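What follows is a short report on a single structure.
There are 2 protein chains.
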Amino acid sequence: MRSASFQQLEAFIERCLTAVGFPENDAGIVAALISDADLNGSDGHGIFRLPQYIKRIQNGGINIQPNIHLAEDRGAMALVDGDNAMGHLVMKYATELAMQRADDHGVAWVGVRHSNHAGPAALYAKMPLKKDMVGIYVAVGSANHLPPWGGTEMLLSTNPIAVAIPTNEEPPIVLDMATTVAAYGKVKTAAQRGEQMPEGWMIDKLGNPLTDPSRAGEGFLLPIGGPKGYGLSLVFGLLAGTLNGAAFGKDVVDFNADSTSFTNTGQFIVALSVSAFTDPDTFKNNIDAAIRSMRGSPTLPGFDSVRVPGERSFGIRRQREKCGIPIPDSLYDALNDLASSLDTTFLFES
Amino acid sequence: MRSASFQQLEAFIERCLTAVGFPENDAGIVAALISDADLNGSDGHGIFRLPQYIKRIQNGGINIQPNIHLAEDRGAMALVDGDNAMGHLVMKYATELAMQRADDHGVAWVGVRHSNHAGPAALYAKMPLKKDMVGIYVAVGSANHLPPWGGTEMLLSTNPIAVAIPTNEEPPIVLDMATTVAAYGKVKTAAQRGEQMPEGWMIDKLGNPLTDPSRAGEGFLLPIGGPKGYGLSLVFGLLAGTLNGAAFGKDVVDFNADSTSFTNTGQFIVALSVSAFTDPDTFKNNIDAAIRSMRGSPTLPGFDSVRVPGERSFGIRRQREKCGIPIPDSLYDALNDLASSLDTTFLFES
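Chains as they are written, first to last, in my numbering: chain A, 1 to 350; chain B, 1 to 350.
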């Protein structure tokens with residue numbers, strides 16, 4: 001399989017975005033964030049999405065000259081209006097604002113409306129780490145795949161939640177999870193590979209297990225812990241969507257199927273300054289110790305080791321920094337088709 | 001079955017607390033909160049716990065003359081030191097502070113250390129509702145019943161999460177959930193009733209399903225969504241515990257088994273002022289509409305209706321306000337034994 005360096009991905013994405021009219025500075029910001037997603041192993045939320053983003057930009061579904069601005073501002077709390085910009089730009093703006101505000105107030109909660117799909121949740125939860133802050137990010141997912149518990153109408157998204165906690169010597173703790181047993185991307189991957197899904201991922205409209213991913217359209221994802229995962233998806237969807245004046249429920253536009261309608265995606269980011277609570281070094285040592293105590297637990301039969309959220313992604317990042325980011329043939333072809341259509345140079349050219 | 005009014009429970013709890021030396025004002029506050037838990041149907045976290053609380057107070061495990069005070073204060077963020085008071089007093093103080101601060105800053109995050117078991121999570125998440133605020137409450141549970149995913153050492157608690165969202169005409173949304181498939185209280189209830197547990201609640205140390213609740217000591221609870229529930233329990237435990245300088249992991253004292261050791265329980269409450277984001281009436285109407293859209297979904301076979309978190313508890317509250325709070329014989333006997341030992345009058349006397 002081919003592999004590309006971070007810089008190669010970044011330069012390619014920047015070329016494609018400028019080819020469709022993106023201002024150079026914004027193209028650079030988005031390209032770096034998308035490439036970072038790939039470096040972390042979030043393959044389903046990285047450059048894989050570029051053709052879809054470009055299509056939406058070409059169809060006028062994203063504003064490439066946005067005026068991202070504050071709609072409300074109370075110091076520790078702010079509401080950002082993304083003016084239908086690329087989600088990456090809106091969320092970078094919102095997260096940097098939250099970090100500044102948390103410096104002054106100990107905590108900051110920044111809500112976002114009129115945003116768009118912004119890539120993997122971990123990308124934004126991790127940003128505050130470099131300032132010894134905890135990051136908490138929640139988004140209304142860009143398509144509904146989940147009915148309320150006991151129902152059959154897909155009114156909810158997988159609404160991802162990410163929490164990042166700084167460490168000293170250990171990899172940071174980075175939880176990045178959908179509120180469903182399986183993210184919808186996993187269903188798509190199983191379909192592409194012609195594999196069956198395990199029971200528990202999806203059910204059909206009669207409540208029977210659905211294990212054939214090619215029939216995914218006939219059923220829906222199951223929430224974690226049944227009514228609990230439904231509850232998490234509901235309350236976080238209302239806080240990331242409705243509270244911010246963003247889409248929720250029936251109003252959510254399927255980003256994958258529709259490349260023109262204004263999505264009004266909602267997100268929020270919380271930054272929490274560790275130094276407001278305690279000495280950051282002491283705290284980070286305590287988190288290191290907590291990680292080691294988890295890892296030190298005896299294991300169940302069938303498990304080699306106990307892991308901590310973020311450990312797998314951290315390992316992938318180290319590996320890819322050395323050996324590059326794998327580019328499967330199908331992705332390589334899709335990216336070169338995109339480059340041809342935009343009349344720009346291919347992935348490994350410059 | 002006997003049933004008691006809110007006022008009867010409240011007066012009884014107040015008598016018992018003053019009998020063991022509680023100042024009258026504090027006894028009244030705790031009695032009202034415990035009775036409120038019973039009114040809401042949180043039977044496992046209400047007056048059922050009184051004998052355990054009293055035992056701990058008698059053994060010096062709780063400070064009845066506490067100096068609850070701010071350890072850190074940054075305006076929108078504060079850290080409360082509970083001085084080993086009853087958790088109810090500490091959390092009432094912290095939640096009222098969070099509501100005041102959210103009035104000024106739009107959001108407030110108040111962490112708590114040196115606290116104790118404070119009853120059901122929903123009690124505190126719901127307090128901000130009356131000011132048109134969202135409440136989010138997380139606690140480090142008062143005993144470890146959960147190993148890290150793939151491990152066998154019980155290093156984690158069920159760490160409850162509660163989120164409350166205000167409404168206009170509909171019952172408020174109140175999610176109150178453990179990060180395990182079943183709360184430990186449900187296992188105890190099954191054991192008392194001589195019932196088997198369904199597969200999926202617990203496993204034994206070899207990873208096999210454990211369905212006999214009398215063998216609960218040989219196994220552990222399962223987290224919701226496997227590694228996801230573990231991740232939620234871990235990150236929320238670190239934010240409610242470690243970040244506040246409170247107990248986490250190996251340091252958690254089993255409140256049920258040990259009635260003397262200082263627990264250093266950690267909790268946090270977030271209050272979010274809806275008026276900082278948007279017009280509260282518009283918001284609450286939108287939440288009403290979201291609730292109705294969930295409830296309007298067609299149902300799966302086997303389900304009569306779709307419910308929203310908090311609906312069941314709201315119905316129980318209405319019922320108990322009219323008809324009283326049921327007092328099973330075993331509870332009645334335990335409370336009268338307690339009254340005898342404290343030389344105070346019985347539940348239905350005054």
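Where a beta carbon is used, it is the ideal one built from N, C-alpha and C, also for glycine. Since the model is a prediction, treat every value here as computed from it, not as a measurement.
**OP:** Measure the CB-CB distance between A/I89 and A/D36 and report whether it falls below 7 Å.
**Re:** By one-based count along the first sequence, residue 89 of chain A stands at place 89. By one-based count along the first sequence, residue 36 of chain A stands at place 36. First, the residue type needs correcting, since residue 89 of chain A is Leu and not Ile in the sequence shown. Taking 7 Å as the Cβ cut-off, A/L89 and A/D36 do not qualify as a contacting pair.
Original post:
In this structure, what does DSSP give as the bridge partners for A/L272?
Top reply: Position 272 of the first sequence, counting from 1, holds the residue named residue 272 of chain A. Within the DSSP bridge table, the entry for A/L272 names A/V107, A/V134 as partners.
Subject >> C-alpha gap between A/D204 and A/G249, whole angstroms >> reply: Residue numbering aside, residue 204 of chain A sits at position 204 when the first sequence is read from its first letter. Residue numbering aside, residue 249 of chain A sits at position 249 when the first sequence is read from its first letter. Approximately 20 Å between the Cα atoms of the pair.
Original post:
Are the C-beta atoms of A/W201 and some chain B residue less than 7 Å apart?
Top reply: Looking up residue 201 of chain A in the first sequence gives position 201. Chain B, which has no Cβ nearer than 7 Å to the Cβ of A/W201, makes this no.
**OP:** Could you pull the start and end residues of the beta strand (DSSP E) that B/G219 belongs to?
**Re:** As a working note, residue 219 of chain B is residue 219 in the second sequence. 219-221 is the span of the beta strand (DSSP E), which, as asked, contains B/G219.
Original post:
Listed from N- to C-terminal order along the chain, which residues in the region 93-108 of chain A have their beta-carbon within a distance smaller than 9 Å of any beta-carbon of chain B?
Top reply: Of all residues in the region 93-108 of chain A, R101, A102, D104, H105, G106, V107, A108 have a Cβ within less than 9 Å of some Cβ in chain B.
Original post:
Which first and last residues belong to the alpha helix (DSSP H) in which A/V253 is found?
Top reply: Taking the first sequence and counting its residues from 1, one reaches residue 253 of chain A at position 253. Careful: A/V253 lies outside any alpha helix (DSSP H) and carries neither H nor E.
Original post:
Who are the near neighbours of A/P171 in its chain, counting only those whose CB is closer than 7 Å to its CB and skipping five residues on each side?
Top reply: Walking along the first sequence from the start, residue 171 of chain A turns up at place 171. Closer than 7 Å at Cβ, skipping near neighbours: G310, E311, F314.
Original post:
Does any C-beta atom of chain A lie closer than 7 Å to the C-beta of B/E218?
Top reply: As a working mapping, residue 218 of chain B is identified with position 218 in the second sequence. Answer no: the Cβ-Cβ gap between B/E218 and chain A never drops below 7 Å.
Original post:
What runs of the beta strand (DSSP E), each 3 residues or longer, lie entirely inside the region 31-63 of chain A?
Top reply: Scanning the region 31-63 of chain A from its first residue to its last, no whole beta strand (DSSP E) run of 3-plus residues comes out.
Subject >> Where B/T95 falls: helix, strand or coil (DSSP) >> reply: If you number the second sequence from 1, residue 95 of chain B lands on position 95. In the structure shown, B/T95 falls within a helical segment according to DSSP collapsed to helix, strand and coil.
Original post:
Any C-beta of chain A sitting closer than 7 Å to the C-beta of B/P301?
Top reply: Numbered from its first residue, the second sequence carries residue 301 of chain B at position 301. By this cut-off, B/P301 is an interface position.
Original post:
Pick from A/I57, A/W109, A/L39: whose alpha carbon is nearest that of A/S72?
Top reply: For the purposes of this step, residue 72 of chain A is taken as residue 72 along the first sequence, with counting starting at 1. Here residue 72 of chain A is Glu; the residue named in the question, Ser, does not match the sequence. Distance from the Cα of A/E72 is smallest, within the candidate group A/I57, A/W109, A/L39, for A/W109.
Original post:
Helix, strand or coil: which one does DSSP assign to A/P298?
Top reply: Numbered from 1 along the first sequence, position 298 holds the residue referred to as residue 298 of chain A. Correct three-state label for A/P298: coil.
Original post:
At which residue ranges does the region 115-188 of chain A contain complete beta strand (DSSP E) runs of 3 or more residues, listed in the order of the chain?
Top reply: Fully enclosed beta strand (DSSP E) runs of no fewer than 3 residues occupy 133-139, 161-165, 173-177 of the region 115-188 of chain A, in order along the chain.
Original post:
So what's B/A247 in DSSP terms, helix, strand or just coil?
Top reply: Stepping through the second sequence from its first residue, residue 247 of chain B is reached at position 247. It is coil, neither helix nor strand.
**OP:** Can you tell me which of B/I34, B/F346, B/A85 puts its alpha carbon nearest to the alpha carbon of B/P66?
**Re:** Indexing the second sequence from 1 puts residue 66 of chain B at position 66. If we check each option's Cα against that of B/P66, B/A85 comes out closest.
Subject >> Any chain B beta carbon closer than 7 Å to A/E153 >> reply: Taking the first residue of the first sequence as 1, we reach residue 153 of chain A at position 153. Cβ-Cβ to chain B under 7 Å: yes for A/E153.
**OP:** Please work out which residues of its chain come closer than 6 Å, Cβ to Cβ, to A/V274, disregarding the five sequence neighbours upstream and downstream, and give them in chain order.
**Re:** One-based indexing of the first sequence puts residue 274 of chain A at position 274. So the list reads D132, P280, F283, once near-sequence residues are dropped.
**OP:** Kindly list the residues whose CB is nearer than 6 Å to the CB of A/N168, restricted to its own chain and excluding five residues on each side of it in sequence; keep chain order.
**Re:** Here the question's residue 168 of chain A lines up with position 168 in the first sequence. Contacts found: K284, N285, D288.
Original post:
What residue does the alpha helix (DSSP H) around B/A78 start on, and which one ends it?
Top reply: Sequence index remark: in the second sequence, residue 78 of chain B carries index 78 (1-based). From DSSP, B/A78 is part of no alpha helix (DSSP H) but of the beta strand (DSSP E) over 77-81.
Original post:
Who are the neighbours of A/K186 on chain B, taking C-beta pairs under 7 Å?
Top reply: Stepping through the first sequence from its first residue, residue 186 of chain A is reached at position 186. Per Cβ cutoff of 7 Å: no residues; A/K186 is ~13 Å from chain B at best.
Original post:
Which residue or residues does DSSP assign as beta-bridge partners of B/L70?
Top reply: As a working mapping, residue 70 of chain B is identified with position 70 in the second sequence. Per DSSP, the beta-bridge partners of B/L70 are B/V80.
Original post:
Who are the near neighbours of B/L272 in its chain, counting only those whose CB is closer than 7 Å to its CB and skipping five residues on each side?
Top reply: Walking along the second sequence from the start, residue 272 of chain B turns up at place 272. So the qualifying residues of the chain are A102, V107, M133, V134.
Original post:
Got a sec: is the Cβ-Cβ distance from B/I316 to anything in chain A below 7 Å?
Top reply: As a first step, residue 316 of chain B must be located in the second sequence, where it is residue number 316. Answer no: the Cβ-Cβ gap between B/I316 and chain A never drops below 7 Å.
Original post:
What is the C-beta distance between A/A240 and A/V174, in whole angstroms, given that I count them as a contact (C-beta under 8 Å)?
Top reply: Within the first sequence, numbered from 1, the residue matching residue 240 of chain A stands at position 240. Within the first sequence, numbered from 1, the residue matching residue 174 of chain A stands at position 174. About 19 Å; that fails the 8 Å criterion.
Original post:
Within 10 angstroms of its Cβ, does B/H69 collect 16 or more other Cβ (buried), or is it exposed?
Top reply: Here residue 69 of chain B corresponds to residue number 69 of the second sequence, with the count starting at 1. Under this definition B/H69 is an exposed residue.
**OP:** Under 7 Å Cβ to Cβ from A/G229, same chain only, skipping five residues before and after it: list those, please.
**Re:** The count along the first sequence starts at 1 and reaches residue 229 of chain A at position 229. Here the set comprises T179, T180, P223.
Original post:
Does the beta-carbon of B/D333 have 16 or more other beta-carbons within 10 angstroms, so that it is buried, or is it exposed?
Top reply: Mapped onto the second sequence, residue 333 of chain B falls at position 333. Result: exposed.
**OP:** For A/A190, name the three-state secondary structure that DSSP assigns.
**Re:** One-based indexing of the first sequence puts residue 190 of chain A at position 190. Three-state result, A/A190: helix.
Original post:
What residues from chain A crowd round B/L384, counting only those whose CB sits closer than 9 Å?
Top reply: In the structure as shown, chain B starts at 1 and stops at 350, and residue 384 of chain B therefore has no counterpart that could be examined.
Subject >> Under 7 Å between C-beta atoms of B/F303 and A/G150 >> reply: Within the second sequence, residue 303 of chain B is the residue found at index 303, counting from 1. Within the first sequence, residue 150 of chain A is the residue found at index 150, counting from 1. In contact: B/F303 and A/G150 (Cβ atoms closer than 7 Å).
Subject >> Closest Cα partner of A/L234 within the set B/A98, B/S293, B/N208, B/V187 >> reply: In the first sequence, residue 234 of chain A corresponds to position 234, counting from 1. The shortest C-alpha separation from A/L234 is found at B/S293.
**OP:** Assess, as a yes-or-no matter, whether the region 314-324 of chain A is touched by the region 206-225 of chain A under the definition of 3 or more beta carbon pairs within less than 8 Å.
**Re:** No, the region 206-225 of chain A is not in contact with the region 314-324 of chain A.
Original post:
Which whole-angstrom value describes the C-beta separation of B/L50 and B/L338, a residue pair presumed to lie in contact below a C-beta threshold of 8 Å?
Top reply: On the second sequence, position 50 is the one that residue 50 of chain B refers to. On the second sequence, position 338 is the one that residue 338 of chain B refers to. Sure, about 7 Å apart at Cβ, within 8 Å.
Subject >> Chain-ordered residues of the region 112-127 of chain B with a beta carbon less than 9 Å from chain A >> reply: Residues passing the 9 Å Cβ filter: none.
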